[in-house]
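Residue numbers (our numbering): 7 to 361. These notes are about the structure you will find just below.
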Ligand code: PMP
C-alpha cells in the first residue's frame, strides 16, 4: 500500500441495479417507469435555447422549487431540491445526523442508508421488520440520533399507515425523522400533511419513478423551513450548482402536467394489481405492494436460479443475495406487454422444473 493510501476514505459503495446495454432486454430491475415522461418534457427539449447553457444555473432552482410547492400547495421555503433523491437523502444524512446516538432504520430497507451512514461516520442501528415485513413502530421509540423510514418500504413495497408514521414522529420530537417516499405515488398515503404539524419531519420524494425521470435526476424534500434552510446551508457549503438548467426547466414543466402524471401512475397500479393475481395463481407469495414493484418468493423455487435463468434470456429483475431476503425477487412493474412476457417465461420455467 502506498503511504498516502492510508488517508483514503474507506467506503463500501452502494451497488445500483444493472443498466444493460442491449435495448431489447426487458428491464424490470431498477423500478423505472415503463412509460415515457409527460409530453411537456419533449416540448422543453425542443424549445430550449442552447445559449442558456452558457451561464451557470440558478443556484436556488427557483422555477423548479416553485412548481413543486405549487403542486403540493405549500410555500417554496418548505421545498429543497437535489440531484435525485439519493442526493437529497445523502445531504440530509450529512445535515441532520451529527450526534452520538444511533440513527434508526429497518434491517431490510433501501441499501443506501447504511452506505451514507458509513460514509459520513453516522452511528446507526437497524431494527427488524416483523414476519410480514412490516415496520414495528415500538422499535423506534428509544433514544436515537434520527430515524429514516422508506414508505412504502424498499425492496418490500409494504406501506406503513400514516397514523403509525405519525406515532413514530410524535414520539421522537427531539430527532429528525426522514420519510423516504420514493414510491408513494403508486397508491400509498404521503406523510406530507404531517410536516405542517411536526417540525422534525422531512418527507423526501423523487421524479425518478412516478414522473418517469430517472435519467434527469431530480429529487426533493419537503418540511419545515428550518430543516430546509439547514439542508441549503450544507448544500451551499459543498456545491452551489447541483441542478442543471435543463433539469430545472424539465422538472418544472413536468410537475405542472398533473393529468398525465395521474394517468400514467394509474396504468402502473392497474398492471401491478393484475400481476399480483397472476403471480399468486403461480404460487408466489408477497406483501401487499403499494409501489411499482412486487417482492415475491415461491416455496420450492430457488430465487437466484430463476433470476439467473431469466437474465440469460433477457429478462432482468433484481435479486439481493443478502440474509433474510435471498429467497425473493424484486420485480418492477413494466408495460402490460412486458409483464406478459415475464409471466409467460415464469410459467414455462416452472413447467420445466415440474413444479
Ligand atoms: N429511495 C428509495 C427507497 C429508492 O428505492 C431509490 C431508488 N434507487 C431512491 C430513494 C433514489 O432514487 P433517485 O435518486 O433516483 O431519486
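For glycine and all other residues, C-beta sits at the position ideal for the given N, C-alpha and C. Nothing here was measured: the structure is a model prediction, and the numbers come from that model.
#1: Could you tell me which uninterrupted alpha helix (DSSP H) segments, each at least 4 residues in length, are contained entirely in the stretch 159 to 231, listed from first to last along the chain?
#2: Could you tell me which uninterrupted beta strand (DSSP E) segments, each at least 3 residues in length, are contained entirely in the stretch 55 to 112, listed from first to last along the chain?
#3: Looking only at its own chain, which residues have a Cβ that is under 8 Å from the Cβ of residue 320, when we skip the five neighbours before and after it?
#4: Going by DSSP, what residue range makes up the alpha helix (DSSP H) through residue 349?
#5: Grab the span of the beta strand (DSSP E) containing residue 300 for me, first residue to last.
#6: Mind checking whether residue 299 and residue 193 have CB atoms under 8 Å apart?
#7: Could you check whether the Cβ of residue 351 sits closer than 7 Å to any heavy atom belonging to ligand 1?
#8: Using DSSP's beta-bridge definition, name the partner residues of residue 152.
#9: Starting from the N-terminal end, write out each residue whose C-beta falls within a distance shorter than 5 Å of any non-hydrogen atom of ligand 1.
#10: So, is residue 84 buried or exposed, given that buried needs 16 or more other C-beta atoms within 10 angstroms?
#11: I'd like to know whether the C-beta atoms of residue 187 and residue 181 end up nearer to each other than 8 Å.
#12: From residue 335 to residue 39, what does the alpha carbon distance come to, in whole angstroms?
#13: How many Å lie between residue 231 and residue 224 at the Cα?
#14: Out of curiosity, what's the CA-to-CA distance linking residue 329 and residue 295?
#15: Inspect the beta-carbon positions of residue 210 and residue 91 and report whether they are closer than 8 Å.
#16: Tell me, please, whether the stretch 170 to 185 touches the stretch 65 to 76 by the rule of three or more beta-carbon pairs shorter than 8 Å.
#17: Looking at chain D, is there any beta carbon in it that lies within less than 8 Å of the beta carbon of residue 239?
#18: For the putative contact between residue 95 and residue 114, defined by C-beta atoms under 8 Å, what is the C-beta separation to the nearest angstrom?
#19: Suppose you measure from the CA of residue 264 to the CA of residue 258; what does that come to, to the nearest Å?
#20: Measure the Cβ-Cβ separation of residue 285 and residue 302 and say whether it is below 8 Å.
#21: What's the call for residue 169, buried or exposed, on a 16-neighbour Cβ count within 10 Å?
In short:
#1: Within the stretch 159 to 231, the runs of alpha helix (DSSP H) that reach at least 4 residues and sit entirely inside it are, in chain order, 168 to 176.
#2: 85 to 88 and 109 to 112
#3: Correct list, in chain order: 28, 30, 31 and 32.
#4: Here the alpha helix (DSSP H) through residue 349 covers 342 to 359.
#5: 299 to 304
#6: no
#7: no
#8: DSSP lists 109 as partners of residue 152.
#9: 90, 91, 92, 116, 156, 160, 186, 188, 212, 214 and 225
#10: Burial call: buried.
#11: no
#12: Here the alpha carbon of residue 335 sits roughly 18 Å from the alpha carbon of residue 39.
#13: 20 Å
#14: It is roughly 21 Å from the alpha-carbon of residue 329 to the alpha-carbon of residue 295.
#15: yes
#16: no
#17: Among the chains in the structure shown there is no chain D, since it carries only a single protein chain.
#18: Residue 95 to residue 114, Cβ: 17 Å. No contact.
#19: 12 Å
#20: Their beta carbons are under 8 Å apart, which means residue 285 touches residue 302 by this criterion.
#21: exposed
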